[in-house]
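Asker: Quick one: structure below, then a few questions.
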Amino acid sequence: MLIDLHAHTAPRSNCSRTTLEELVETARSNGLDALCITEHDVRWPGTELEDASRLLGFPLIPGVELTTDVGHVLVFGPLRKPLWLGYKLEELVEECERSDTALVLPHPVRRLAGERAIKGGRVPPLPAEVAALPQWEAVHAIEVASTQTTTLEHTLTAAALAVVHRPAVASSDAHGPGLAGAYATEVDGPIHTAEDLAAQIRAGHVRPARHPV
Ligand SMILES: [Zn+2]
Ligand SMILES: [Zn+2]
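In the working numbering, the protein residues as written are 6 to 218.
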């Protein structure tokens, strides 16, 4: 199945300039089979996303983009702690070792080689240094590209994956209109729920299907 694992809606993610309806319309016209909604540190309450999925006639899978001590981590599946309390990577990994929850590292080199880091005069790290970061092996998959990352970030991430191979995904990280499905991941299916998706991510049954590198 072709799935975009990472997208934000307004107003639940206050950085987003697009709505669920627009994302779904774009996802559909870009040929996606499903779209994951991953707001920052908040989940859609109750059955709201499920209800919207039924209403819009399009598969929507819930996830969350959690802020941790090493930056953002995409989470598919349940977590015990209230999200607003935050997680340390170590704590998150330990909990997920005992559950079926899957972790994906989005924009993995943003802090080291993203637009702001480079403008601030930072020298990009070597691929081996990136692959040695604790989060590289702690998560179940690495996001190789999105619409929110630069060519330098894509190249560096691909080079780090050549040093220490990990399952990889590509996703839009859509924050605006017209972006859902711009980048996407091929996931072994069928996928109906976050649990189905988490199981495939944990098993490494994911590949970047639409991406620039
Ligand atoms: Zn992020
Ligand atoms: Zn995001």
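We put the beta carbon where it would ideally sit given N, CA and C, even for glycine.
#1: Count the other CB atoms, across all protein chains shown, that sit within 10 Å of the CB of Glu99; report buried if there are 16 or more and exposed otherwise.
#2: Going along the chain, which residues of its own chain have a beta-carbon closer than 7 Å to the beta-carbon of Ala32, five neighbours each way excluded?
#3: Nearest to Asn19 by alpha carbon, out of Tyr188, His180, His159, Glu200?
#4: Would Asp178 be called buried (16 or more neighbouring beta carbons within 10 Å of its own) or exposed?
#5: Check for me: the alpha helix (DSSP H) holding Thr43 runs from which residue to which?
#6: What span of residues does the beta strand (DSSP E) with Thr106 cover, start to end?
#7: Let me know the secondary structure DSSP gives Asp74 once reduced to three states.
#8: Given a cut-off of 8 Å, decide if Ala146 and Val174 are closer than it, judged by their beta-carbon atoms.
#9: DSSP three-state call for Ala199: helix, strand or coil?
#10: Residues in its own chain within less than 6 Å of Ser21 by CB, not counting five upstream and five downstream?
#11: Nearest to Val47 by CA position, among Pro67, Ser34, Glu30, is which residue?
#12: Using 8 Å for Cβ pairs, my map puts Leu97 next to Pro132. What's the rounded Cβ distance?
#13: Roughly how far, in whole angstroms, is the beta-carbon of Arg7 from the beta-carbon of Glu191, given that I think they are within contact range, below 8 Å?
#14: Between the Cα of Ala136 and the Cα atoms of Arg17, His197, Val114, Cys101, which residue gives the shortest distance?
#15: For ligand 1, I want to know if His180 counts as a neighbour, meaning its beta carbon is within less than 7 Å of at least one of the ligand's heavy atoms.
#16: By DSSP, does Pro130 sit in helix, in strand, or in coil?
#17: Could you check where the alpha helix (DSSP H) with Val29 kicks off and where it finishes?
#18: Give me the Cα-Cα distance between Arg116 and Gly51, rounded to the nearest whole angstrom.
#19: Excluding the 5 residues flanking Leu28 on each side, which residues of the same chain have their C-beta closer than 7 Å to its C-beta?
#20: Using alpha carbons as the reference points, say which of Gly76, Val69, Glu158, Ala163 lies closest to Gly119.
#21: Assuming contact is defined by CB atoms lying nearer than 8 Å, are Tyr92 and Thr106 in contact in what I supplied?
Answerer: The structure says:
#1: The residue in question, Glu99, is exposed, as its Cβ has fewer than 16 Cβ neighbours within 10 Å.
#2: Excluding sequence neighbours, Ala32 sits near Asp9, Leu40, Phe63, Ala185, Gly186.
#3: Restricting attention to Tyr188, His180, His159, Glu200, the CA atom closest to the CA of Asn19 is found in His180.
#4: Under this definition Asp178 is a buried residue.
#5: Premise fails: Thr43 lies in the beta strand (DSSP E), 39 to 45, not in any alpha helix (DSSP H).
#6: Going by DSSP, Thr106 is part of no beta strand (DSSP E) at all; its letter is neither H nor E.
#7: Per DSSP, reduced to three states, the secondary structure at Asp74 is coil, with no helix or strand assignment.
#8: Yes, Cβ-Cβ distance for Val174 and Ala146 is below 8 Å.
#9: Here Ala199 sits in helix by DSSP.
#10: A distance below 6 Å between beta-carbons, with the five flanking residues on each side excluded, links Ser21 to the following residues of its chain, in chain order: His13, Thr14, Ala15, His180.
#11: From the listed residues Pro67, Ser34, Glu30, the smallest Cα separation to Val47 is found for Pro67.
#12: Rounded, the Cβ-Cβ distance is 25 Å, inconsistent with contact.
#13: Reading the sequence as shown, one finds Leu at residue 7 and not Arg. The Cβ separation is near 6 Å, so the contact holds.
#14: Taking Ala136 as reference, the option from Arg17, His197, Val114, Cys101 with the minimal CA-CA separation is Val114.
#15: No, ligand 1 has no heavy atom inside 7 Å of this Cβ.
#16: Pro130 falls in the coil class under three-state DSSP.
#17: Element bounds for Val29: 25 to 34.
#18: Taking the straight line from one Cα to the other gives about 34 Å.
#19: In chain order, Ala12, Thr14, Leu40, Ala179, Ala185 place their CB closer than 7 Å to the CB of Leu28, counting only its own chain and leaving out the 5 sequence neighbours on each side.
#20: Check the Cα spacing between Gly119 and each of Gly76, Val69, Glu158, Ala163: the tightest is with Glu158.
#21: At least 8 Å separates the beta-carbon of Tyr92 from that of Thr106.
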